[in-house]
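Notes follow once the structure below has been shown.
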Amino acid sequence: MGLKVGAMEDELAGVAAGLHRSVGGLIRAAQGPGAGPTRPLGSVLIFRSTCRCVPEAQTVTQPPRAEQQVHLLGGFDEKAYLAGKQLKPGDDPYREHAFNLQESDRLGSERAIRDTRHYRCASLNYDTDLPSTSIIITFHNEARSTLLRTIKSVLMRSPPSLIQEIILIDDFSSDPEDCQLLSQIPKVHCLRNGRREGLIRSRVRGANTATASILTFLDSHCEVNTDWLQPMIQRVKEDHTRVVSPIIDVISLDNFAYLAASADLRGVTATIRRSGENIKRPYSFSLCRTPVIAGGIFVMDKSWFNHLGQYDTHMDIWGGENFELSFRVWMCGGSLEILPCSRVGHVFRKRHPYDFPEGNALTYIKNTRRAAEVWMDEYKQYYYSARPSAQGKAFGSITDRLTLRRKLNCKPFRWYMENVYPELRVPEQEAVSSVLKQGGSCLETRGIDILGLAECRGIGASRPQSQVRDQALKV
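Its first residue numbered 1, the sequence shown is counted upward by one per residue in full-length UniProt numbering.
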């Protein structure tokens with residue numbers, strides 16, 4: 001599930017489906033198992049996971065762990081912190097944060113949520129000597145109740161021995177006390193940027209500060225679920241080149257209901273935006289090796305993160321960093337996994353609650369162009385073919401990232417296509433690609449096997465680049 005990025009990013013997948021945010025739109029990360037129809041790179045690329053399916057999850061209510069509260073907050077004055085930012089009567093509760101602030105404030109900082117894992121997950125055992133992790137949370141003008149609920153859920157639902165520290169990176173929020181006051185909570189450290197840096201550079205700062213050998217990146221509007229951390233750390237401990245992510249449940253932006261994510265299939269589009277696929281599959285008990293993960297929440301070995309070049313810090317604010325990291329991990333010797341026995345809830349919004357210094361559309365194009373130019377090799381032609389507006393837009397120097405790729409002896413993108421997702425087919429070179437129009441209407445997809453006509457409003461994931469070859473039409 002993504003946020004709007006200008007007129008080109010006006011598509012929003014259904015909240016109830018529990019989709020991952022695709023962070024700029026190139027990737028629709030696979031949350032769950034199942035196979036789908038093969039689609040061309042010119043329209044939608046569907047990732048087929050290797051998960052084994054089992055019956056749908058049973059859910060139980062997780063009671064609050066009141067016995068933990070005595071030592072949870074230390075000398076932190078929670079009531080004063082929350083009272084410092086109350087919604088004024090008559091104010092629009094959606095205006096500042098793009099979710100219902102009134103409902104978030106009403107919930108307070110803790111609540112019981114359903115255990116949305118498959119029932120077999122509760123019977124799994126993990127090593128008793130798992131390494132601890134540094135939790136890195138970046139934010140810019142986050143709602144206090146939502147941010148505090150994120151932190152407390154980590155402290156309440158994680159083994160204390162696994163939490164080395166929680167590092168908050170305040171990306172130049174309007175009120176410095178949003179972060180500073182939280183440093184009174186045991187294990188919580190606050191770092192404030194002297195200017196707006198964006199998620200990407202803020203995360204790098206947090207990673208450089210972290211003292212644990214394992215990094216856990218988390219968004220600032222989340223609630224972690226029961227035993228969310230152990231499965232991911234276990235997998236990274238067994239192989240430090242693994243990068244692992246949970247299945248991301250949905251927290252409603254309207255009433256903050258916690259909704260279990262369905263195991264929908266995800267894909268990738270050559271327009272570098274999210275696809276419109278919504279293929280329902282059973283929940284899985286087994287892990288999923290996936291070509292890409294969503295960028296908001298994942299666990300990674302710190303030494304491996306540094307070895308691979310951290311993030312591309314010439315990308316700005318937000319968008320595109322998830323697929324750049326995903327390509328780099330696979331092509332440079334690692335792997336990506338999604339663990340159905342790890343669940344984290346996330347508030348998905350319909351719009352950005354903050355401004356982009358250069359505008360969200362230009363920032364999006366810059367970031368995705370950088371990824372395409374560095375990692376996609378000859379396959380980048382499909383990106384430019386589907387998104388001609390990216391041509392000529394500035395994206396900065398990529399010399400350092402190309403040097404990094406050579407230094408790491410990374411494989412070509414063709415290897416990624418042939419080995420990570422061999423079922424994927426690309427548009428045939430001899431075919432002619434175009435948008436099919438009839439009067440003022442354009443051909444669009446309406447599900448897997450359904451086509452229709454609709455008013456032409458620009459080319460997006462639902463209006464594919466159709467191919468005509470030998471009198472045959474492919475979309």
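The beta carbon of each residue, even a glycine, is placed where N, CA and C say it ideally should be.
For K187, which of I135, Y416, R343 has the nearest alpha-carbon?
In the sequence shown, the residue the question calls residue 187 occupies position 187. When each option's Cα is compared against that of K187, the closest is I135.
Cutoff 6 Å; reference A260; Cβ partners in own chain excluding five residues on either side:
On the sequence shown, residue 260 is found 260 positions in, with the first residue counted as 1. Cβ within range, chain order: T116, D249.
Only counting the same chain, and skipping five residues up and downstream in sequence, which positions put a Cβ closer than 8 Å to that of K393?
Within the sequence shown, residue 393 is the residue found at index 393, counting from 1. Excluding residues within five positions, the ones whose Cβ falls inside 8 Å are L362, I365, K366, R369.
Inter-residue Cα distance where the pair is M232 and S441:
On the sequence shown, residue 232 is found 232 positions in, with the first residue counted as 1. On the sequence shown, residue 441 is found 441 positions in, with the first residue counted as 1. Straight-line Cα distance between these residues: approximately 47 Å.
I believe E96 touches T150 by the beta-carbon criterion, under 8 Å. Please report the beta-carbon distance rounded to the nearest angstrom.
Within the sequence shown, residue 96 is the residue found at index 96, counting from 1. Within the sequence shown, residue 150 is the residue found at index 150, counting from 1. Not quite, the Cβ-Cβ distance comes to about 17 Å (not below 8 Å), so this is no contact.
Using the Cβ count rule (16 or more neighbours within 10 Å means buried), how would you classify S109?
Counting from 1 along the sequence shown, the entry for residue 109 is found at position 109. Its Cβ being crowded by 16 or more others within 10 Å, S109 is buried.
Ignoring anything shorter than 4 residues, give me the alpha helix (DSSP H) runs that lie fully in the segment 130–173, in order along the chain.
144–156
Can you tell me whether D74 is buried or exposed? The criterion is at least 16 other CB atoms within 10 Å of its CB, across all chains shown.
Counting from one through the sequence shown, the residue named residue 74 turns up at place 74. Position check: residue 74 holds Gly in this sequence, whereas Asp was assumed. With fewer than 16 Cβ atoms within 10 Å of its Cβ, G74 is classed as exposed.
Presumed contact (8 Å Cβ cut-off) between D170 and F139, rounded CB distance:
One-based indexing of the sequence shown puts residue 170 at position 170. One-based indexing of the sequence shown puts residue 139 at position 139. At roughly 7 Å, the Cβ-Cβ gap stays under 8 Å, so D170 and F139 are in contact.
DSSP on L424, reduced to helix/strand/coil?
Taking the sequence shown and counting its residues from 1, one reaches residue 424 at position 424. Reduced to three states, the DSSP call for L424 is coil.
With 16 as the cutoff for other CB atoms within 10 Å, does W375 come out buried or exposed?
Residue 375 sits at position 375 when you count from the first residue of the sequence shown. Per the 10 Å Cβ criterion, buried.
T133 and V299: beta carbons closer than 8 Å?
Reading the sequence shown from its first residue, position 133 is the one you call residue 133. Reading the sequence shown from its first residue, position 299 is the one you call residue 299. V299 is positioned such that its CB atom lies closer than 8 Å to that of T133.
So, using beta-carbon positions, are S183 and N141 closer together than 8 Å?
Stepping through the sequence shown from its first residue, residue 183 is reached at position 183. Stepping through the sequence shown from its first residue, residue 141 is reached at position 141. Their beta carbons are not under 8 Å apart, which means S183 does not touch N141 by this criterion.
In chain order, what residues of the same chain have a beta carbon less than 6 Å from the beta carbon of R201, not counting five sequence neighbours either side?
If you number the sequence shown from 1, residue 201 lands on position 201. If we look at R201 and ignore the five residues flanking it on each side, its Cβ neighbours are T313.
Hey, quick one: how far does the beta strand (DSSP E) through F217 stretch, first residue to last?
Working through the sequence shown from its first residue, we reach residue 217 at position 217. Here the beta strand (DSSP E) through F217 covers 214–218.
Where I365 sits in the DSSP three-state scheme:
Here residue 365 refers to the residue found at position 365 when the sequence shown is read from its first residue. Residue state, collapsed to three classes: helix.
Contact belief for L308 with R328 at Cβ below 8 Å, rounded distance in angstroms
Counting from 1 along the sequence shown, the entry for residue 308 is found at position 308. Counting from 1 along the sequence shown, the entry for residue 328 is found at position 328. Right, their Cβ atoms sit about 6 Å apart.
Which one of K380, T128, P340, Y421 has the shortest CA to CA distance from R120?
Here residue 120 corresponds to residue number 120 of the sequence shown, with the count starting at 1. When each option's Cα is compared against that of R120, the closest is P340.
Going by other Cβ atoms of all chains shown within 10 Å of its Cβ, with 16 needed for buried, is N225 buried or exposed?
The sequence position of residue 225 within the sequence shown is 225, counting from 1. So N225 counts as buried.
If you run the structure through DSSP and keep just helix, strand and coil, what is Q391?
What you label residue 391 is simply residue 391 of the sequence shown in a count that begins at 1. Reduced to three states, the DSSP call for Q391 is coil.
Among residues of its own chain, excluding the 5 on either side of N100, which ones have a beta-carbon nearer than 8 Å to its beta-carbon?
Looking up residue 100 in the sequence shown gives position 100. The answer, listed in chain order, is P93, Y94, L253, D254, N255, F256.
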